[in-house]
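One structure below.
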Amino acid sequence: AAAVAQLCCKMPAGADDVVVKTLSGQDPDLAARHAAYLQRKSLKKEKSKQVDAGNFLSNVQEIDDDVAYRFNFTVVGPRADDLVKSLCRSGSAAKLSGCGRVAPQNGAYRCLCEVAPSPGTGPQGKRIAKLALSAMGFDQVVPACETRQEALSSGIVYVLPIDGKAENGESNFSEQLDCLYRALKRLRASTRSRLRPVKAVLLYCISPENVEPKSTLDSWAVQLADFEQMNGDMWKFGPVCIRDGDVLHANFAEMTSARIDQVQNAGDDAASRPAGPGEDPMLEGDAALPPDDPGVGFTPSAGRCRMSSAASETGESSCSEQERPPRFEAEMSGSECSETALELHQRAFGLQVDSSTPS
Numbered sequence: 009a010a011a012v013a014q015l016c017c018k019m020p021a022g023a024d025d026v027v028v029k030t031l032s033g034q035d036p037d038l039a040a041r042h043a044a045y046l047q048r049k050s051l052k053k054e055k056s057k058q059v060d061a062g063n064f065l066s067n068v069q070e071i072d073d074d075v076a077y078r079f080n081f082t083v084v085g086p087r088a089d090d091l092v093k094s095l096c097r098s099g100s101a102a103k104l105s106g107c108g109r110v111a112p113q114n115g116a117y118r119c120l121c122e123v124a125p126s127p128g129t130g131p132q133g134k135r136i137a138k139l140a141l142s143a144m145g146f147d148q149v150v151p152a153c154e155t156r157q158e159a160l161s162s163g164i165v166y167v168l169p170i171d172g173k174a175e176n177g178e179s180n181f182s183e184q185l186d187c188l189y190r191a192l193k194r195l196r197a198s199t200r201s202r203l204r205p206v207k208a209v210l211l212y213c214i215s216p217e218n219v220e221p222k223s224t225l226d227s228w229a230v231q232l233a234d235f236e237q238m239n240g241d242m243w244k245f246g247p248v249c250i251r252d253g254d255v256l257h258a259n260f261a262e263m264t265s266a267r268i269d270q271v272q273n274a275g276d277d278a279a280s281r282p283a284g285p286g287e288d289p290m291l292e293g294d295a296a297l298p299p300d301d302p303g304v305g306f307t308p309s310a311g312r313c314r315m316s317s318a319a320s321e322t323g324e325s326s327c328s329e330q331e332r333p334p335r336f337e338a339e340m341s342g343s344e345c346s347e348t349a350l351e352l353h354q355r356a357f358g359l360q361v362d363s364s365t366p367s
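Quick note: the sequence shown uses my numbering, first residue 9, plus one each step.
Written as structure tokens, this is what we have:
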């Protein structure tokens, strides 16, 4: 306060006429920008207090029961996105999630399902599993699993329409089976058996009338039987109407429950047990890998013997020389010394070498 009073005393006469420049008084452009900044800051503060019930965290509301399991499904086939939406927006999913509108997050839909109790066990509490579902087409590549644990908690569901029509009005179920065959062949060629998720086939229809059983065998059933006879049995579900979300939710809950029981009852020796429904037989080479082996093709060459030193000199070696430690070869016997070297040694150290001693 004293410093301010002293400054005021030193101010010259007419100091009252000094003009103080401010943002609002002298520069209207800066004043408008400052006002806009304050408005944005106020709106951002108000928006942070609002929570969207349909798009919060993982789009699944809080529940009283513990979510003990998580399972990833990749749904592949025509209209896979519509099927996943119908499943996640069903009444059964909304009853557990507490939210009827589910939006995708990071390209995947999420919902909850109840896991059925294991057969032959005593009374158990309510077990809840969280499902993450991604929709893809037959022409897309399914993401590969990097670990065995990830493969055990994942599944690929191929959805096939039984009442699909081609451009000429005929059934295109045989074309869908061809797409399924190519997808399975591509998966088995690019992924090791221990890193392949379980596979299932879900048959669906667009019209609800096609779900009802008929007295005669449909053409799609005959084609599917021929396909299984040539390529092995599939883990099948359906047919179900694509609009019936509750039945779809029940089918995926059954898949989840079956896989959880299969993994829990398998034990540590996965190679000795028979392949479960939808699983490929474990190959002998893959079963011998350690449990934490990711299955990638990197193999360090450190410690291996070099095939030829000429390859590194010419630059034709395909391996990095920095990975290999230096290699020293021990001599089997003493090397011979020249007469000149012996004379130099005698002069330097004054030692007499017996001529009868072999060099």
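For every residue, glycine included, the Cβ atom is placed at its ideal position computed from N, Cα and C.
Given this structure, state the Cα-to-Cα distance separating residue i from residue j, to the nearest angstrom.
i, j, result
"Gly246", "Thr199", "28 Å"
"Gly253", "Arg196", "31 Å"
"Leu46", "Ala40", "10 Å"
"Ala208", "Glu287", "9 Å"
"His257", "Asp186", "27 Å"
"Ala137", "Leu160", "14 Å"
"Arg267", "Lys103", "23 Å"
"Gln231", "Pro151", "29 Å"
"Thr264", "Lys93", "18 Å"
"Gln157", "His42", "54 Å"
Using C-beta distances below 6 Å, list every residue in its chain close to residue i, excluding the 5 sequence neighbours before and after it, in chain order.
i, result
"Val172", "For the sequence presented, residue 172 should be read as Gly rather than Val. Around Gly172: Asn180."
"Lys53", "none"
"Gly303", "Low per-residue confidence applies at Gly303: pLDDT is 42, beneath 50, and the placement is therefore not dependable, though the value from the model is reported in the following sentence. Taken in chain order, the residues that qualify are Arg200 and Leu203."
"Pro285", "Trp243"
"Ser100", "Asp254 and His257"
"Val271", "Leu160"
When we look at the beta-carbon of residue i and count the other beta-carbons within 10 Å, is it buried (16 or more) or exposed?
i, result
"Ser50", "exposed"
"Val424", "Since the first and last residues shown for the chain are 9 and 367, residue 424 lies out of range."
"Val123", "buried"
"Ala233", "exposed"
"Leu225", "exposed"
"Leu38", "exposed"
Quick one: residues in its chain with C-beta nearer than 7 Å to the C-beta of residue i, no 5 flanking neighbours on either side, listed in chain order?
i, result
"Ala349", "none"
"Cys153", "Ala159, Ser162, Leu203 and Pro205"
"Ala116", "Ala140, Leu141 and Ser142"
I'd like the span of the beta strand (DSSP E) that includes residue i, first residue to last.
i, result
"Ala143", "Arg135 to Met144"
"Val92", "Careful: Val92 lies outside any beta strand (DSSP E), inside the alpha helix (DSSP H) at Ala88 to Cys96."
"Ala191", "Element bounds for Ala191: not the beta strand (DSSP E) but the alpha helix (DSSP H), Phe181 to Ser198."
Following the continuous alpha helix (DSSP H) through residue i, name the residue where it begins and the one where it ends.
i, result
"Gly99", "Gly99 to Ser105"
"Gly253", "Gly253 to Ala274"
"Ser126", "Here Ser126 belongs to no alpha helix (DSSP H), and DSSP marks it neither H nor E."
In terms of alpha-carbon separation, which member of the options lies closest to residue i?
i, options, result
"Gln184", "Pro169, Val149, Glu178 and Asn176", "Pro169"
"Leu188", "Phe260, Val92 and Gln148", "Gln148"
"Ala143", "Ala191, Leu352 and Leu91", "Leu91"
How about residue i: is its C-beta nearer than 9 Å to some C-beta of chain B?
i, result
"Leu95", "Given the protein chain composition of this structure (a single chain), no chain B is represented."
Near residue i, what residues of its chain come up, given a Cβ to Cβ distance below 8 Å and the 5 sequence neighbours on each side ignored?
i, result
"Val75", "Leu120, Ile136, Ala137 and Lys138"
"Gly145", "Val84, Gly85, Pro86 and Ala88"
"Ala283", "Pro289 and Met290"
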